[in-house]
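One structure is given here, and the rest of the page talks about it.
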Amino acid sequence: ADIVGSEDLIQDIANGKLDFDKLIATPDVMPLIAKLGRVLGPRGLMPSPKAGTVTTNLAQSISEFKKGKLEYRVDKTGIVHLGFGKVNFNSEDLLQNFESIQESINKNRPPGSKGKYWKSVYLSSTMGPSIN
Numbered sequence: 004a005d006i007v008g009s010e011d012l013i014q015d016i017a018n019g020k021l022d023f024d025k026l027i028a029t030p031d032v033m034p035l036i037a038k039l040g041r042v043l044g045p046r047g048l049m050p051s052p053k054a055g056t057v058t059t060n061l062a063q064s065i066s067e068f069k070k071g072k073l074e075y076r077v078d079k080t081g082i083v084h085l086g087f088g089k090v091n092f093n094s095e096d097l098l099q100n101f102e103s104i105q106e107s108i109n110k111n112r113p114p115g116s117k118g119k120y121w122k123s124v125y126l127s128s129t130m131g132p133s134i135n
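Okay, so the sequence shown: first residue is 4 according to this note's numbering, each after it adds one.
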């Protein structure tokens, strides 16, 4: 479901209402959302232009994310952290999502990287132990 708002939605988020997966904003409301950095940042929900969540074309951006657009970043140690499913997904869907992510990472591999690109893969639930 889509939740639309401006100052009222920002106030709801400030009061602790965080029942959403993605926050997409326009550049003009970013100064207001910046106040929520301590709440949104640790949860990975803070909008950013680099991730495509700060845009003037909201309809297109919302459509892309609903179709499955995914953002992933590599941390300074070379580890990619990202979610590729939820608990209620069946195993075939999870496997398909993982293979798509693997394909995307291989396709977007930096041209300067040499040698073995995948050393290991660890899967885990959000707060659970990992499986190698």
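Backbone N, C-alpha and C fix where the C-beta goes; we use that ideal spot for every residue, glycine too. Note that the structure is a prediction, hence the values are computed from the model and not measured.
query, result
"Which listed residue (K70, S66 and S123) has its alpha carbon closest to that of H84", "S123"
"Cβ pair T59, T29 closer than 8 Å", "yes"
"Nearest to V32 (by Cα), restricted to the options K69, S116, L43 and V57", "V57"
"Local conformation of A37 per DSSP, three classes", "helix"
"Through-space distance from G19 to I82, alpha-carbon basis", "30 Å"
"Residues near N135 in its chain [Cβ-Cβ closer than 6 Å; skip 5 each side]", "Y125"
"Cut-off 7 Å between Cβ atoms - residues of its own chain near L12, not counting five sequence neighbours on either side", "I6"
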